[in-house]
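For reference, the structure discussed in these notes is given below.
In this note's numbering, the protein residues as written are 2 to 506.
Below, the structure is given as structure tokens:
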């Protein structure tokens, strides 16, 4: 913990400051009409995610009148637009996707330690265990008809500490309410939280847990990012903010949580205890499998701001909030890994498309001239990384030439069909870990914690040897960029003048 740096001259790092920024930029829809927590919040959020106006995605939404919860508020669709992602990072609202990714990638090279404070907004109200009632206190939605629970945790930061050292992990895993004082906790065996929990189970001790809900999106971004082992996500939140994150100590354990959080759940996960949890309409666009035994979070204390704003994320078919949040984070992490950490030559840009959930497809553009075997080297580095090794993320990798814009799927598909000879360019790797939420995995495999699957690399660029031995075999591209400058200038003038006349008439 560091006391260096000052945040007094910066905007407060909390959800309310971000909401004010969204409102200022007409990116916040306030719904004062009564909305039912039972399915209706989810339906409204889905409708907004699917709707655009003149090519601009719908705003985020703050529900101010939730049935059965007088005064309760619920916020969602936080980052369901690259415009809002740019604002979260302090960038202009119209910053291109590639620049948002490059900013993320660059900033995480400079972690900033948090600062501990003694007083915090999240301590305005303290609710002790005997008064805790998760079902009555907060306007938690039931998102989909077949969900097994109301999920109080879909957009948050779960805080746990390694019992063997100083590592503090922030993560984002779903929390479905079992009863007034407990939730299910989806912890995959090879996630950081899962590895830490296994240590507590090995020594037979409860794992202290804190869950921060209602956060500035930067906090949720780092909680959902695939940083390497032993990296403290809060340091990366400071990196993305450009200043330390303020933390405050919990009431019932020694964990430190974001001072500006709307809601803090404090509790323990007991060793060996399991209770059936699920299903949930998940980020893959499908319901997760049948209810299965998961660890249980017992809530011992809740602290919250006055009139707290509950926050969540609708999951489902892309593209929703979670997919865009993951898209930038995983793209930035991968670009940082390939270019800054491993220094693989020729790498230009990386993109995990939100239409592929922001996790399962990675597109890389690279200058392969002078770098034999570059696509294989890039793919091996990705599959060996933490964010891809966890349950077969980035199971699909496409490597294109440097002239292809990885964020333009039209260009990527064109490159695949015109430059990839399937026999030469497609390689399938077997016996990687299966991602158990993908329905492509057979039902018998989904029941296993560790199950085999396969991954694919598509080399969608011209062979490297063509550039060296036979450059004439690479046919010139026919597009606007390759027209002579004078011709482009005259054609643009004709188009602009003609369109103006068309509009005037």
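For each residue, glycine too, the CB sits at the ideal point set by N, CA and C.
Contact check, residue i vs residue j, beta carbons under 8 Å
i, j, result
"residue 351", "residue 365", "yes"
"residue 160", "residue 213", "yes"
"residue 454", "residue 433", "yes"
"residue 439", "residue 253", "no"
"residue 185", "residue 139", "no"
"residue 320", "residue 50", "yes"
"residue 133", "residue 300", "yes"
"residue 210", "residue 258", "no"
Rounded straight-line distance, which links the Cα of residue j to that of residue i
i, j, result
"residue 476", "residue 372", "21 Å"
"residue 495", "residue 23", "39 Å"
"residue 187", "residue 228", "19 Å"
"residue 176", "residue 155", "7 Å"
"residue 43", "residue 316", "9 Å"
"residue 181", "residue 418", "55 Å"
"residue 336", "residue 215", "29 Å"
"residue 149", "residue 356", "26 Å"
"residue 47", "residue 287", "14 Å"
"residue 480", "residue 400", "21 Å"
"residue 246", "residue 345", "32 Å"
"residue 108", "residue 64", "33 Å"
"residue 90", "residue 113", "15 Å"
"residue 384", "residue 313", "30 Å"
DSSP three-state assignment for residue i, whether helix, strand or coil
i, result
"residue 353", "coil"
"residue 363", "strand"
"residue 76", "strand"
"residue 5", "Bear in mind that a pLDDT of 42 at residue 5, under 50, signals an unreliable position, so the number given afterwards is only what the model happens to contain. In the structure shown, residue 5 sits in coil (DSSP, three-state: anything other than H, G, I, E or B)."
"residue 502", "helix"
"residue 283", "coil"
"residue 49", "helix"
"residue 85", "helix"
"residue 19", "helix"
"residue 222", "helix"
"residue 144", "coil"
"residue 483", "helix"
"residue 253", "coil"
Own chain residues within Cβ distance below 6 Å of residue i, not counting five before or after
i, result
"residue 15", "217 and 261"
"residue 467", "474 and 475"
"residue 158", "171, 213, 220 and 224"
"residue 463", "420 and 475"
"residue 502", "none"
Proximal residues to residue i (C-beta, below 8 Å), its chain only, five neighbours per side dropped
i, result
"residue 492", "484"
"residue 275", "294, 295, 296 and 297"
Neighbourhood of residue i by C-beta, 7 Å cutoff - its chain only, sequence neighbours within 5 removed
i, result
"residue 375", "347, 367, 369 and 465"
"residue 361", "394, 395, 396 and 397"
"residue 86", "80, 101, 325 and 329"
"residue 195", "188 and 189"
"residue 167", "none"
"residue 143", "38, 39, 40 and 151"
"residue 504", "none"
Validate contact between the region 313-329 and the region 33-41 using beta carbons, cut 8 Å, 3 pairs: no
Assess contact between the region 67-82 and the region 100-116, defined as three or more Cβ pairs (one per stretch) separated by less than 8 Å. Is contact present? no
Three or more beta-carbon pairs under 8 Å between the region 298-310 and the region 123-133, yes or no? yes
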